[in-house]
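Novice: Dropping the structure in here first, questions after.
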Amino acid sequence: MQMISKAQSAMAAVLPRSSRVRSGLCVWPGMRQLCLRKGLLYGFMRLLSTPFKTLRSASHRTLRVAQFCSVTNTSSSLQIELVPCLRDNYAYLLHDVDTGTVGVVDPSEADPVIEALSRKNRNLTYILNTHHHHDHTGGNEELKARYGAKVIGSGSDKDRIPGIDIVLKDGDQWMFAGHEVQVIETPGHTRGHISFYFPGSGVVFTGDTLFSLSCGKLFEGTPDEMFSSLNKLVPLPDDTSIYCGHEYTLSNSKFALSIEPKNEALKSYAARVANLRNKGLPTIPSTLKLEKQCNPFLRTSSKEIRQSLKIPASATDAEALGAIRRAKDNF
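Heads up: the sequence shown at position 244 corresponds to 308 in this note's numbering, and the numbers run straight through without jumps.
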């Protein structure tokens, strides 16, 4: 797809193929995408005529984004809108275009979510929480009171998630409109952490378990638990889009390069990340394939990483993960 304006060309050069942007910073999953609104020609005309705009989050950070025509994934009617919250959190609005059903993943605060919904005159049906931390559930009660939305979270964390209505556990399958959602227990950061995998759309919401180029701090879990949790995500298809809870990728890239400086894929990705952040653009979503190539917490057997951190060759992968996590905490 060619874009005439220089600004749009620059955007295309730095955004991964799995990301396309719309008002409010919308991202649609999947690699095979078409602009479809009353025909392909109309979509292209909208694309080429749309200006850049500046949006402000509730914390008054600015994100320069481009508006594109409506994009429908050829294998899914799920649209995902990235909503910046607090200082570096992301909430995600989910919109099923067939039924109008709307959900939000990990609303740190209510105001940015309400603003995003109001722009499109939408209601909120579901609130999905990956874990109980306030920067992922802080907007629950206000959003539930305003829209009557149902709060969904881990059964093992039901006493810590505000307003919870629907409890889920590992292996459960839940339906968001017509989209199957597979629940994956991913403890380590917290004991009740879960991830939401949408196999039909090829996306997974990993909260604070898997970040781009890192994993979550081990507040309530052990290296063994985190290693086990990450190993539940690794078998997903390589083109799975990873939607995590924070914009940490730039700082994560600096640590990753410090312990695996010869990793060419990592060097290339780190340069792209720096370019995106210099433009005030998000680095999320990443892909599982990219994370397996670059994320040190998914590369615990790397000889270069083990040598950099003096991890014995006899150490297990879980022990290596613990050593990498301690080094990252002190970086």
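Virtual Cβ for every residue (Gly too), placed ideally from N, Cα, C.
Quick check on Y312: does DSSP put it in helix, strand or coil?
Specialist: Of the three classes helix, strand and coil, the one that applies to Y312 here is coil, per DSSP.
Novice: Note the first and the last residue of the continuous alpha helix (DSSP H) segment covering N295.
Specialist: Per DSSP, N295 belongs to the alpha helix (DSSP H) from P287 to L297.
Novice: So, helix, strand or coil for G167, using DSSP?
Specialist: In this structure, G167 counts as strand in the three-state DSSP scheme.
Novice: Just to confirm my understanding: we take T163, look at its own chain, exclude 5 residues before and 5 after, and list those with CB closer than 6 Å. What are they?
Specialist: Excluding residues within five positions, the ones whose Cβ falls inside 6 Å are A241.
Novice: How would you label F283, buried or exposed, when you count the other beta carbons within 10 angstroms and need 16 or more for buried?
Specialist: It is exposed - the Cβ of F283 has fewer than 16 other Cβ atoms within 10 Å.
Novice: Just to check my reading of the structure: T351 and L385 have Cβ atoms closer than 8 Å, yes? What is that Cβ distance to the nearest angstrom?
Specialist: In fact, because the Cβ distance is near 21 Å, the residues do not count as touching under 8 Å.
Novice: Less than 8 Å between the C-beta atoms of H397 and G256, yes or no?
Specialist: Nothing can be reported for residue 397, as the shown portion of the chain is limited to 65 through 395.
Novice: Output the distance between the C-alpha atoms of P171 and N185, rounded to the nearest integer angstrom.
Specialist: Distance between the alpha carbons of P171 and N185 is about 18 Å.
Novice: Can you list, in chain order, the residues of its chain with a C-beta nearer than 6 Å to that of R341? Leave out the 5 residues immediately preceding and following it.
Specialist: Only L314 meet the Cβ criterion.
Novice: Less than 8 Å between the beta carbons of A174 and G219, yes or no?
Specialist: Not a contact, by the Cβ cut-off of 8 Å.
Novice: Apply the 10 Å Cβ neighbour rule to D272 and answer buried if 16 or more other Cβ atoms are within range, or exposed otherwise.
Specialist: Result: buried.
Novice: Specify the secondary structure class of D152 as computed by DSSP and reduced to three states.
Specialist: Here D152 sits in coil by DSSP.
Novice: Kindly indicate which three-state DSSP category V177 falls into: helix, strand or coil?
Specialist: In the structure shown, V177 sits in a helix (DSSP, three-state: H, G or I).
Novice: Taking T270 as the reference, give the member of N327, V169, N339 and P176 with the closest Cα.
Specialist: Selected option, being the one with the closest Cα: V169.
Novice: Which of the three DSSP states, helix, strand or coil, is assigned to V337?
Specialist: Residue state, collapsed to three classes: helix.
Novice: By DSSP, does E355 sit in helix, in strand, or in coil?
Specialist: The answer is helix: DSSP assigns E355 an H, G or I state.
Novice: Could you tell me the distance, in whole angstroms, from the CA atom of Y190 to the CA atom of V215?
Specialist: C-alpha separation (whole angstroms): 6 Å.
Novice: Please report the distance separating the alpha-carbon of Q237 from that of Y333.
Specialist: Roughly 34 Å separates the two Cα atoms.
Novice: 8 Å is my cut-off, CB to CB: does A377 come that close to chain C?
Specialist: Among the chains in the structure shown there is no chain C, since it carries only a single protein chain.
Novice: Can you give me the C-alpha to C-alpha distance between H198 and P226, rounded to a whole angstrom?
Specialist: So the alpha carbons of these two residues sit roughly 9 Å apart.
Novice: So, with DSSP's three-state summary, where would you put H196?
Specialist: DSSP places H196 in coil when its eight states are reduced to three.
Novice: Return the Cβ separation of L158 and L142 in integer angstroms, given the expectation that the two are a contact with Cβ distance under 8 Å.
Specialist: With a Cβ gap of about 6 Å, L158 and L142 count as contacting.
Novice: Please return the same chain residues whose Cβ sits closer than 8 Å to the Cβ of E324, not counting the five positions on each side in sequence.
Specialist: So the list reads L330, P360, R363, S366, E368, I369 and S372, once near-sequence residues are dropped.
Novice: Suppose you measure from the CA of T254 to the CA of E289; what does that come to, to the nearest Å?
Specialist: When rounded, the distance between both Cα atoms is 10 Å.
Novice: Apply the 10 Å Cβ neighbour rule to R96 and answer buried if 16 or more other Cβ atoms are within range, or exposed otherwise.
Specialist: Any reading at R96 must be qualified, since the residue scores a pLDDT of 35, below 50, and its modelled position is unreliable; the value itself is stated next. So R96 counts as exposed.
Novice: Quick check on V275: does DSSP put it in helix, strand or coil?
Specialist: Sequence inspection shows Phe at residue 275; the Val mentioned does not correspond to that position. Strand.
Novice: Could you tell me the distance, in whole angstroms, from the CA atom of V231 to the CA atom of G280?
Specialist: In a straight line, the C-alpha of V231 is about 23 Å away from that of G280.
Novice: What are the boundary residues of the beta strand (DSSP E) that K214 is part of?
Specialist: K214 to S218 is the extent of the beta strand (DSSP E) around K214.
Novice: The beta strand (DSSP E) spanning L232 covers which residue range?
Specialist: It spans I228 to L232 - the beta strand (DSSP E) in which L232 sits, taken as one unbroken run.
Novice: Decide if E145 is buried, meaning its Cβ has at least 16 other Cβ atoms within 10 Å, or exposed.
Specialist: So E145 counts as buried.
Novice: Which residue from K353, A382 and K233 puts its Cα closest to that of V267?
Specialist: The shortest C-alpha separation from V267 is found at K353.
Novice: Assign S182 to buried or exposed, taking buried as 16 or more other Cβ atoms, counted over all protein chains shown, within 10 Å of its Cβ.
Specialist: Exposed, since its Cβ has fewer than 16 Cβ neighbours within 10 Å.
Novice: Please identify the residue among H196, D223, H195 and D229 whose C-alpha is closest to the C-alpha of A209.
Specialist: With distances taken between Cα atoms, A209 lies closest to D229.
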